[in-house]
Amino acid sequence: MTPPDVRVVRGAPDDVELAALVAGLAAGARTAQDDDAAHPATEPAPAVHARRRWRDAADRLSDRLSPGPDAWRWSTHP
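When the count follows the UniProt record's numbering, it moves up by one through the sequence shown with no breaks and lands on 78 for the last residue.
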């Protein structure tokens with residue numbers, strides 16, 4: 001028998017909660033496989049692109065927010 005991939009560390013989930021967890025993990029694994037197939041090895045992975053944008057100094061120096069009554073509303077838009 002192989003060791004479990006997921007282990008409940010705290011609490012005592014019932015059958016419905018465990019089924020929801022397994023369904024979520026299966027959906028996430030399926031999405032990860034689809035993402036790998038959608039992005040060939042020649043293109044950088046989305047995480048690599050995000051890290052490059054995070055390190056980009058020009059991105060941090062740009063003045064994206066302008067003061068005004070709706071500035072808070074647009075603060076999360078790229």
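Note that CB positions come from ideal geometry on N, CA and C, so glycine has one too.
Quick caveat, the model's predicted, so the values are computed rather than measured.
Along the chain, where does the alpha helix (DSSP H) containing residue i start, and where does it finish?
| i | result |
| --- | --- |
| VAL48 | 46 to 55 |
What does the alpha-carbon distance come out to for the pair residue i and residue j?
| i | j | result |
| --- | --- | --- |
| VAL16 | VAL22 | 10 Å |
| ALA29 | PRO46 | 16 Å |
| LEU18 | ASP5 | 13 Å |
| ASP56 | VAL48 | 12 Å |
| ALA26 | ARG52 | 29 Å |
| THR76 | GLY24 | 27 Å |
| ARG73 | TRP54 | 22 Å |
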